[in-house]
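Colleague: Could you have a look at this structure, given as structure tokens, before my questions?
Laid out in structure tokens, this is it:
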């Protein structure tokens, strides 16, 4: 069990662990986690102003903040209590801060229907799978928008393990992991593989998709095998598939030869295990900075053209 676990009551244990981690993070990291979790990345929690105009004077500058994030955490599905939410909303209404959010964090796969009508009261829902993805994205040096300190990295690794150990991360059906693909899309066509930094963490997924230029590309290959932290150097002791990959990289004069990486071997574009869509899937929202997960079933929709349909 995680080193953060101190409370005997499971929900209190989860909440106290979350707060213990957030408290130790620098403000930009904490803000990124919460605002990405609730999909409000543009909100400024701290405002910096030059020469703000007051009623009677104009000071040279002001740094100000007025927000409250409240949490209601559930460790099992279908556990949201509407009366409890209503009572929390009354608390929000009686608190004098300009930005109020009640974050309801649950393991449900979709938002509980009882919460929808309270959105305009500042109630936002997210689940532990989304929180896990945000943390994993921060831990990825290639994809993270922020540089973590060694202490922050340690805390987030421990917290992701805690979420797994607590049984809060669920895989109810075959999933597709979507990866940012500035390099990966070309790698897939050159090598039929995904190459990333060693020991990268993914949730369980059966297939992989590629996000590039505001679209998910129309080929969704099956993940055939995964090798962790391997050196990209020819060796008689390596598997045939790894040596085939290395030979192909040598033919491309790939600069990653000799380095250590994780390798995901993928079905080829023409393989029957690769799901080929009628067209690329357009994404109109904020660009995917980290991996995202969608059900494989959602990609089989015959009229799929936009990520809002996933």
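In our numbering, the protein residues as written are 32 to 341. Even for Gly, the Cβ is constructed at its ideal location relative to N, Cα and C.
Any contact of the segment 260-268 with the segment 205-224, i.e. 3+ C-beta pairs under 8 Å?
Modeller: No, because fewer than three Cβ pairs between the segment 260-268 and the segment 205-224 fall closer than 8 Å, the two stretches do not touch.
Colleague: Could you give the C-beta distance for residue 45 and residue 155, rounded to a whole number, given that I count them as a contact under 8 Å?
Modeller: In the chain shown, counting from the first residue as 1, residue 45 sits at position 14. In the chain shown, counting from the first residue as 1, residue 155 sits at position 124. So it is not a contact: roughly 18 Å between Cβ atoms.
Colleague: Measure the C-alpha to C-alpha separation of residue 342 and residue 82 and round it to an integer number of angstroms.
Modeller: Any question about residue 342 goes unanswered here, given that the chain covers just 32 to 341.
Colleague: Can you check the segment 240-326 for any alpha helix (DSSP H) of at least 4 residues that lies completely inside it and give the ranges in chain order?
Modeller: As far as the segment 240-326 is concerned, its whole alpha helix (DSSP H) runs of at least 4 residues are 271-282.
Colleague: Given a threshold of 16 other Cβ atoms within 10 Å of its Cβ, counted over all protein chains shown, does residue 248 qualify as buried or as exposed?
Modeller: In the chain shown, the residue the question calls residue 248 occupies position 217. With 16 or more Cβ atoms within 10 Å of its Cβ, residue 248 is classed as buried.
Colleague: Evaluate contact between the segment 299-306 and the segment 272-289, counting only Cβ atoms and requiring at least three cross-stretch pairs below 8 Å.
Modeller: Contact between the segment 299-306 and the segment 272-289 is absent, because fewer than three Cβ pairs lie under 8 Å.
Colleague: Hey, residue 64 and residue 179: beta-carbon distance below 9 Å or not?
Modeller: For the purposes of this step, residue 64 is identified with residue 33 of the chain shown, where counting begins at 1. For the purposes of this step, residue 179 is identified with residue 148 of the chain shown, where counting begins at 1. In this structure, residue 179 does not lie closer than 9 Å to residue 64 by Cβ.
Colleague: Ends of the alpha helix (DSSP H) at residue 59?
Modeller: Within the chain shown, residue 59 is the residue found at index 28, counting from 1. Looking at the DSSP string, the run of the alpha helix (DSSP H) that includes residue 59 is 58-68.
Colleague: Pop quiz: residue 251 and residue 294 are said to be a contact at Cβ under 8 Å. What is the actual Cβ separation, rounded to whole angstroms?
Modeller: Mapped onto the chain shown, residue 251 falls at position 220. Mapped onto the chain shown, residue 294 falls at position 263. The pair is not a contact, with the Cβ atoms about 19 Å apart (cut-off 8 Å).
Colleague: For residue 239, which of 297, 199, 262 has the nearest alpha-carbon?
Modeller: The residue given as residue 239 occupies position 208 in the chain shown. The shortest Cα separation from residue 239 among 297, 199, 262 belongs to 297.
Colleague: Rounded to whole angstroms, how far is the Cβ of residue 138 from the Cβ of residue 199, which I believe are closer than 8 Å?
Modeller: As a first step, residue 138 must be located in the chain shown, where it is residue number 107. As a first step, residue 199 must be located in the chain shown, where it is residue number 168. Yes, they are in contact, since the Cβ atoms of residue 138 and residue 199 sit about 5 Å apart, within 8 Å.
Colleague: Using a Cβ-Cβ cut-off of 8 Å (strictly less than) and excluding sequence neighbours within five positions of residue 257, which residues of its own chain qualify?
Modeller: What you label residue 257 is simply residue 226 of the chain shown in a count that begins at 1. Contacts found: 293, 294, 295, 296.
Colleague: Buried or exposed, going by whether 16 or more other CB atoms sit within 10 Å of the CB of residue 84?
Modeller: As a first step, residue 84 is located in the chain shown; it is residue number 53 there, counting from the start. Result: exposed.
Colleague: What does a CB cutoff of less than 6 Å around residue 314 pick up in its chain, not counting 5 residues either side in sequence?
Modeller: Your numbering for residue 314 matches position 283 in the chain shown. Within the same chain, residue 314 has close Cβ partners 245, 338.
Colleague: Expressed to the nearest angstrom, what Euclidean distance is found between the alpha-carbon atoms of residue 233 and residue 98?
Modeller: For the purposes of this step, residue 233 is identified with residue 202 of the chain shown, where counting begins at 1. For the purposes of this step, residue 98 is identified with residue 67 of the chain shown, where counting begins at 1. Residue 233 and residue 98: Cα-Cα distance of roughly 33 Å.
Colleague: Determine the contact status of residue 190 and residue 67, defining contact as a CB-CB distance below 9 Å.
Modeller: As a working mapping, residue 190 is identified with position 159 in the chain shown. As a working mapping, residue 67 is identified with position 36 in the chain shown. Taking 9 Å as the Cβ cut-off, residue 190 and residue 67 do not qualify as a contacting pair.
Colleague: Going by alpha carbons, who is nearest to residue 159 out of 197, 310, 88, 153?
Modeller: Here residue 159 corresponds to residue number 128 of the chain shown, with the count starting at 1. Comparing Cα positions, the closest option is 197.
Colleague: What is the DSSP secondary structure of residue 131, counted as helix, strand or coil?
Modeller: Stepping through the chain shown from its first residue, residue 131 is reached at position 100. Note: residue 131 maps to strand in three-state DSSP.
Colleague: Please report the straight-line C-alpha distance between residue 316 and residue 324, rounded to a whole angstrom.
Modeller: As a working note, residue 316 is residue 285 in the chain shown. As a working note, residue 324 is residue 293 in the chain shown. About 15 Å.
Colleague: Quickly, what does DSSP pair residue 80 with across the bridge? List them, please.
Modeller: In the chain shown, the residue the question calls residue 80 occupies position 49. Looking at the DSSP assignment, residue 80 forms a beta bridge with 93.
Colleague: According to DSSP, is residue 200 helix, strand or coil?
Modeller: Numbered from its first residue, the chain shown carries residue 200 at position 169. Coil at residue 200, not helix or strand.
Colleague: Indicate whether residue 103 and residue 133 have their beta-carbon atoms separated by less than 9 Å.
Modeller: Here residue 103 refers to the residue found at position 72 of the chain shown. Here residue 133 refers to the residue found at position 102 of the chain shown. Yes, they are a contact pair.
Colleague: Out of curiosity, what's the CA-to-CA distance linking residue 237 and residue 333?
Modeller: Counting from 1 along the chain shown, the entry for residue 237 is found at position 206. Counting from 1 along the chain shown, the entry for residue 333 is found at position 302. Residue 237 and residue 333: Cα-Cα distance of roughly 20 Å.
Colleague: Keeping to the same chain, check which residues put their C-beta closer than 6 Å to that of residue 105; ignore five residues upstream and five downstream.
Modeller: As a working note, residue 105 is residue 74 in the chain shown. Excluding sequence neighbours, residue 105 sits near 137.
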